[in-house]
Amino acid sequence: GGIITQTPKFLIGQEGQKLTLKCQQNFNHDTMYWYRQDSGKGLRLIYYSITENDLQKGDLSEGYDASREKKSSFSLTVTSAQKNEMAVFLCASSQGGNSDYTFGSGTRLLVI
Amino acid sequence: QEKVQQSPESLIVPEGAMVSLNCSFSDSASQSIWWYQQHPGKGPKALISIFSNGNKKEGRLTVYLNRASLHVSLHIKDSQPSDSAVYLCAVGRYGSSGNKLIFGIGTLLSVKP
Chain A
1 GGIITQTPKF LIGQEGQKLT LKCQQNFNHD TMYWYRQDSG KGLRLIYYSI TENDLQKGDL
61 SEGYDASREK KSSFSLTVTS AQKNEMAVFL CASSQGGNSD YTFGSGTRLL VI
Chain B
113 QEKVQQSPES LIVPEGAMVS LNCSFSDSAS QSIWWYQQHP GKGPKALISI FSNGNKKEGR
173 LTVYLNRASL HVSLHIKDSQ PSDSAVYLCA VGRYGSSGNK LIFGIGTLLS VKP
């Protein structure tokens, strides 16, 4: 069976800092996603990628950059962390078409 | 812009009860409807999907889709304490720029022994 791994599990940053979150999958899935989960707001799509070196913006892309240099990995950068920001960032992968998503366990971000 | 709304926000039921969760969506052209389960500290896990009008049964789960009313429901028979989790409804479309799922906020289910 495959696995999708997110690092780090917890991330504490300072206001204005650039922070990078990483995601690796060994399913050989084509498409990868980054979602942000906030209490009371559900999951919101930040970026996704349908193949290596492809990037597509989601509804919440402002303030973020993404990179897909290899098929198996997808990284997300918070370009300038906002004070008191607290959220869970979830990475997912999918074979494409109408396939389901497999999610990682998330990176929990706190900005002080 | 697809909108997905779920009800109720939270639900407490005794063990063995039938659970009914509701989801409404805005785009009739949405191709797939998914239900995901999320336990605390974990990522969501796909439970069941439906693409065509009607119903689909898998084990203790049954999902009903009515495209005319833009409504889908998930029913869990003989609920167990291990079913306690957040249930997320997700609606998807597949196009030239890949497939995207739009998620609802979720329903928090608590099954009491």
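Chains A and B, in that order, are what the protein sequence lines are.
Position 105 (the first sequence) corresponds to 105 in our numbering; numbering is contiguous.
Position 19 (the second sequence) corresponds to 131 in our numbering; numbering is contiguous.
We put the beta carbon where it would ideally sit given N, CA and C, even for glycine.
Here the structure is a predicted model, which means the values were calculated and not measured.
Worksheet item: Nearest CA to the CA of Gln14(A): which residue from Gly106(A), Ser93(A), Arg108(A), Ala81(A)?
Response: If we check each option's Cα against that of Gln14(A), Ala81(A) comes out closest.
Discussion item. Give me the chain B residues within the contact set of Gly2(A), using Cβ-Cβ distance strictly less than 7 Å, ordered along the chain.
Written reply: Within 7 Å of the CB of Gly2(A), no CB atom of chain B is found; the nearest one sits about 14 Å away.
Item to complete: Under 7 Å between beta-carbons, which chain A residues line up against Ile217(B)? List them in chain order, please.
Response: Neighbours of Ile217(B) in chain A, taken as residues at a C-beta separation under 7 Å, are given in chain order as Gly40, Lys41, Gly42.
Discussion item. In the DSSP assignment, the beta strand (DSSP E) including Phe89(A) goes from what residue to what residue?
Written reply: Element bounds for Phe89(A): 86 to 94.
Practice prompt. Indicate whether at least one CB of chain B lies closer than 8 Å to the CB of Ser105(A).
Written response: It does: the Cβ of Ser105(A) has a partner Cβ on chain B nearer than 8 Å.
Worksheet entry | Euclidean distance between Cα positions of Met32(A) and Asn84(A) | Between Met32(A) and Asn84(A), the C-alpha separation is close to 28 Å.
Worksheet item: Between Ala202(B) and the rest of its own chain, which residues show a CB-CB distance below 8 Å, the 5 nearest in sequence each way excluded?
Response: Val116, Ile145, Trp146, Trp147, Tyr148, Leu213, Ile214, Phe215, Gly216, listed in sequence order.
Worksheet item: Using Cβ-Cβ distances below 9 Å, what residues of the segment 66 to 83 of chain A are close to chain B?
Response: Hits within the stretch: zero.
Fill in: His29(A) burial status per 10 Å Cβ neighbour count (16 or more: buried)
Buried, because 16 or more other Cβ atoms sit within 10 Å of the Cβ of His29(A).
Fill in: Segment limits, beta strand (DSSP E) that includes Gln117(B)
Gln117(B) -> beta strand (DSSP E) spans 116 to 119.
Discussion item. Considering Cα atoms alone, identify which of Val223(B), Leu200(B), Leu221(B) is closest to Gln37(A).
Written reply: Of the candidates Val223(B), Leu200(B), Leu221(B), the one whose C-alpha sits nearest the C-alpha of Gln37(A) is Leu200(B).
Fill in: Three-state secondary structure assigned by DSSP to Pro193(B)
Three-state result, Pro193(B): helix.
Discussion item. Using only CA atoms, which one of Glu170(B), Ser196(B), Gly166(B), Gln143(B) lies nearest to Leu220(B)?
Written reply: Nearest option by C-alpha distance: Ser196(B).
Item to complete: Please state whether DSSP places Ser136(B) in a helix, a strand or coil.
Response: Three-state DSSP puts Ser136(B) in a strand.
Worksheet entry | Residues, ordered as in the chain, of the segment 15 to 42 of chain A that lie near chain B by beta-carbon distance below 7 Å | For chain B, the residues of the segment 15 to 42 of chain A that bring a beta carbon within less than 7 Å of one of its beta carbons are Thr31, Gly40, Lys41, Gly42, in chain order.
Item to complete: With DSSP as the reference, label Lys212(B) as helix, strand or coil.
Response: It is a strand residue.
Worksheet entry | Within chain B, the residues that Tyr48(A) reaches when beta carbons sit closer than 8 Å | Neighbours of Tyr48(A) in chain B, taken as residues at a C-beta separation under 8 Å, are given in chain order as Gly210, Lys212.
Worksheet entry | Neighbourhood of Glu52(A) by C-beta, 8 Å cutoff - its chain only, sequence neighbours within 5 removed | Leaving aside the five residues that flank Glu52(A) on each side, the residues in its chain whose CB is nearer than 8 Å to its CB run, in chain order, Arg68, Glu69, Lys70, Lys71.
Worksheet item: DSSP state of His29(A), grouped into three classes?
Response: It is coil, neither helix nor strand.
Item to complete: Closer than 7 Å by C-beta to Ser132(B): which residues in its own chain qualify, once you throw out the five before and the five after it? Chain order, please.
Response: Taking C-beta separations shorter than 7 Å and ignoring five residues to either side along the sequence, the partners of Ser132(B) in its chain run Ser185, His187, following chain order.
Practice prompt. For chain B, find out if any of its Cβ atoms is closer than 8 Å to the Cβ of Tyr101(A); answer yes or no.
Written response: Tyr101(A) has a beta carbon lying within less than 8 Å of a beta carbon in chain B.
Practice prompt. Could you check what DSSP says for Ala81(A) in three-state terms: helix, strand or coil?
Written response: It is coil, neither helix nor strand.
Practice prompt. Could you tell me which residues DSSP pairs with Ser222(B) in its beta bridges?
Written response: DSSP, once it has assigned bridges, lists Ile124(B) as partnering Ser222(B).
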